[in-house]
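Note that the sequence shown covers residues 247 to 553 in the working numbering.
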Amino acid sequence: MRMRWKNDLGWSAVTPRQDWLNRRQLMAGAAGLAMLAGPAGARIPAAASAYSTDEAPNSLEDITRYNNFYEFGLDKGDPARNARLLTTDPWSVQIDGLVDRPGSYDLADLLKGAPIEERIYRLRCVEAWSMVIPWIGFELAHLLNRVGVQPGARFVAFETLVRPEEMPGQTGGLLDWPYREGLRLDEAMHPLTILATGLYGEEMPKQNGAPIRLVVPWKYGFKSIKSIVRISLVADQPQTTWNMQAPREYGFYSNVNPQVDHPRWSQASERRIGGGLFAPRIDTQMFNGYGEHVAGLYAGMDLARDY
Ligand SMILES: Nc1nc2c(c(=O)[nH]1)N[C@H]1C(S)=C(S)[C@@H](COP(=O)(O)O)O[C@H]1N2
Ligand SMILES: [Mo]
């Protein structure tokens, strides 16, 4: 499994952050040469994907030591300490509901032919901190098209693994397990929505949701469900963990919106992890800065009501 992933990516060796940076510089350099022969004024792409931000990614240390993953505990450091217990191979994902080809898909099968690429996205947690993370993964739409979405499907529901022996946070009644999330079908089919299988060119660290997790960059981080074992195509809006837990605080949509405050904290600005204690807060952007791509999904909706 391990080797296959790396082979799929075409990278043979282990890739610490410095190598990743060097490789990216090479890529930018190559693109720069091509641009010299190209149209005047063309920009050197800062990243491989048009959807990627050119903001500086957080360090691997920030990304893997400051986490929310309640299955492993409440503290930001708990997932890094406890997730090593998790067995991620073998792994299968049940795909069911309104699909042409339901079944239990082994991870290797799920990834077969998946157009894996790098996506450098901002992640904005509802707790008002943020990071920039260089994910690798593929568009969820690729998988949904492969399994065949039936006409009656209007939403996609996701579930995380339940395995209290390996997930110490699940032995208490912290949340109603499994952790559940959901998207409207058009949100799920949007090209920004990815299933991520790694970051910094490496397979996914366990604390970040190995072996496969959702990333929806224009929504608060809790929508980006980790360690997925079930994907269901359904007709009705599914129940989601944080909405069940505190419906007044967390809506189904949970689009990043600086104008709609959480009852316990303002959403107008955010703290970028890794900036140090005295770094100025950053203004939070509508749809986390992805409005040009996704605002159209919500045309005619009152986002203060449908939050
Ligand atoms: N299964 C599961 N998925 C989850 C969570 C969780 O507790 N359990 N936390 C969410 C929250 S609140 C955030 S902000 C992101 C954090 O992702 P990261 O730790 O990779 O930065 O994961 C989300 N996905
Ligand atoms: Mo979060």
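All C-beta atoms in this analysis are idealised placements derived from N, C-alpha and C, irrespective of residue type, glycine included.
DSSP state of residue i, grouped into three classes?
i, result
"V540", "helix"
"Q340", "strand"
"Y312", "coil"
"P325", "helix"
"F524", "coil"
"F498", "coil"
"V345", "strand"
"M547", "coil"
"K465", "strand"
"V372", "coil"
"A288", "Note on A288: pLDDT 35, under 50, position unreliable in the model; the coordinate value appears next. Coil."
"R400", "coil"
"L332", "coil"
"D507", "coil"
"M377", "strand"
"G383", "strand"
"E301", "coil"
"L306", "helix"
What span of residues does the alpha helix (DSSP H) with residue i cover, start to end?
i, result
"W488", "T487 to Q491"
"L353", "L353 to L357"
Tell me the rounded alpha-carbon separation between residue i and residue j.
i, j, result
"Q340", "I474", "9 Å"
"S298", "V461", "13 Å"
"A296", "A360", "18 Å"
"M547", "R517", "29 Å"
"F524", "K469", "29 Å"
"Y499", "G383", "23 Å"
"Q396", "A387", "14 Å"
"T333", "V480", "29 Å"
"K472", "G455", "4 Å"
"D432", "Y553", "17 Å"
"I528", "Y367", "16 Å"
"S478", "A399", "9 Å"
"M450", "T417", "24 Å"
"G535", "W464", "7 Å"
"G278", "E301", "Here G278 scores only 37 on pLDDT, less than 50, and its place in the model is too uncertain to base an answer on."
"V506", "A550", "6 Å"
"D352", "Y312", "30 Å"
Would residue i pass as an interface residue toward chain B - the criterion being a Cβ-Cβ separation below 8 Å?
i, result
"A354", "Although the question refers to chain B, the structure presented lacks it and comprises just one protein chain."
Taking 8 Å as the cut-off, decide whether the C-beta atoms of residue i and residue j are in contact.
i, j, result
"H436", "V540", "yes"
"F458", "W381", "It should be noted that the sequence gives Ile, not Phe, for residue 458. It is not a contact, given that the beta carbons lie outside the stated cut-off."
"E317", "Y466", "no"
"Q453", "P348", "no"
"G415", "V345", "no"
"N304", "I379", "yes"
"T530", "R370", "yes"
"I365", "F401", "Ile is not the amino acid found at residue 365; the sequence shown has Arg there. Cβ atoms of R365 and F401: not closer than 8 Å."
"Y446", "L357", "no"
How is the beta strand (DSSP E) around residue i delimited, first residue to last?
i, result
"V480", "I474 to V480"
"R392", "First-last for R392: L386 to V393, but that is the alpha helix (DSSP H), not the beta strand (DSSP E)."
"E516", "S515 to R518"
Comparing the CB of residue i with every heavy atom of ligand 4, is any distance shorter than 7 Å?
i, result
"T406", "Ligands present in the displayed structure are limited to ligand 1 and ligand 2, and ligand 4 is not among them."
Report task. Entirely within the segment 402-443 and at least 3 residues each: give me those beta strand (DSSP E) ranges in chain order. Result -> Entirely contained in the segment 402-443, the beta strand (DSSP E) runs reaching 3 residues are, in chain order, 426-430.
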